[in-house]
Structure formats: C-alpha cells, structure tokens
Amino acid sequence: MNDSTHAVSQWVLHLLHDEFGDAIHRVDATTYELPVGSTKVIIDVMPAGNGTVVNIVAPLVFYVRPDPELFELVARQVGAPGLGHLRVKDSERPGMLDVLVASQLNGDDIDRSELITTVAVLGGYADDTDDALAARFGGQVLRD
-9 MNDSTHAVSQ WVLHLLHDEF GDAIHRVDAT TYELPVGSTK VIIDVMPAGN GTVVNIVAPL
51 VFYVRPDPEL FELVARQVGA PGLGHLRVKD SERPGMLDVL VASQLNGDDI DRSELITTVA
111 VLGGYADDTD DALAARFGGQ VLRD
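Take the sequence shown: its letter number 120 is residue 110 in my numbering, and every next letter is one higher.
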C-alpha cells in the first residue's frame, strides 16, 4: 500500500466512524463494511495511477440467471440512484450473475459529505431494492 492509499484509507475510516460509529466494520487496512438492513455497503480504498479511489459497492442479489430483462434494466439504469450505477458481475457460481449498485469517488480530495451521502444513498437503495429484484429475477439477497 502506498502512502497516499494509507492516508486516504485512514481519513475514510475516520469519517465513517464519526458518522456511523461502531456499525463500521474494518475488514482490512483499506476495506470497511456497513450493515444496512438486509445488505451491506462495502467501502474499499485502492491505488489508481498516481492517486487513490474509493470504491463503494452494495450487493443487491447473488446467483441470478442471465436474463435479457435484467440486462436491459442494468443497461438503462432503471431506478438506479443518482450517485451510483447498477452493475452485474460473474458470480462465484458458474453461469450465474451478481447484481450490485456501485460508485467510485476520487480519494485524493474526498470530503465528508460526498462520502457519507454516497454510502447512505447506496445502502438505502440496496436495502429498498434487493428483495424486489430477487422476487423478479431469482437469486438470493445477502441476508439469505
């Protein structure tokens, strides 16, 4: 981990703890989690070129079968929060997909309101949406 990534990760952890207290769980030196209802928000600080980025991801549904309607929903970003975007990625189960909502912030000049608002919006969206997506497309939400 370079000095910039370390400094940004410490700043991010400070801001998260200041806002969410003991609800923030430290996974490792640069990754933190915040449980939100039936899901969680994962905050990961990473080097990027000469700087640092903060990836913020909340899982919606795991182990979904590929479906044209799902791909259209993601492509059109139907219902996606303004601070994030819907994504699909290959699941750990062959032939299946995971659906996430994600955002990426410039870590080198991140401020409190930007970080906290993005974490809260993505967490709220994921908690409000995961059950409906699982009912519509199958798969499992995190709490399953």
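Each residue gets a CB set at the ideal place from its N, CA and C atoms; glycine is no exception.
Here the structure is a predicted model, which means the values were calculated and not measured.
**Message:** Taking its Cβ as the centre, do 16 or more other Cβ atoms sit within 10 Å of ALA125, making it buried, or is it exposed?
**Reply:** To locate residue 125, count along the sequence shown from 1; it is residue 135. Result: exposed.
**Message:** Beta-carbon within less than 6 Å of ILE106's beta-carbon, same chain only, minus the 5 sequence neighbours each way: which residues are those?
**Reply:** Taking the first residue of the sequence shown as 1, we reach residue 106 at position 116. Correct list, in chain order: GLU9.
**Request:** Could you name the residues of the same chain whose beta carbon sits closer than 8 Å to that of ASP120, not counting the 5 residues immediately before and after it, in chain order?
**Result:** Start at 1 with the first residue of the sequence shown, and residue 120 comes out as number 130. Apart from the 5 residues on each side of it in sequence, ASP120 sits with its Cβ closer than 8 Å to the Cβ of SER28, THR29, PRO49, LEU50, VAL51, VAL131, LEU132 in its chain, given in chain order.
**Request:** State the DSSP-derived secondary structure class of THR29, mapped to helix, strand or coil.
**Result:** Taking the sequence shown and counting its residues from 1, the one referred to as residue 29 is at position 39. Here THR29 sits in strand by DSSP.
**Asked** In this structure, what does DSSP give as the bridge partners for PHE52?
**Response** As a first step, residue 52 is located in the sequence shown; it is residue number 62 there, counting from the start. GLN130.
**Item:** Per-residue DSSP class, three states only, for GLU59
**Value:** In the sequence shown, residue 59 corresponds to position 69, counting from 1. Correct three-state label for GLU59: helix.
**Message:** With distance defined between alpha-carbon atoms, name the residue in ASP80, ASN96, LEU95 nearest to VAL89.
**Reply:** Within the sequence shown, numbered from 1, the residue matching residue 89 stands at position 99. Ranking ASP80, ASN96, LEU95 by Cα distance to VAL89 puts ASP80 first.
**Range covered by the alpha helix (DSSP H) that runs through GLN94** = Sequence index remark: in the sequence shown, residue 94 carries index 104 (1-based). Note, GLN94: premise wrong, no alpha helix (DSSP H); beta strand (DSSP E) at 87 to 96.
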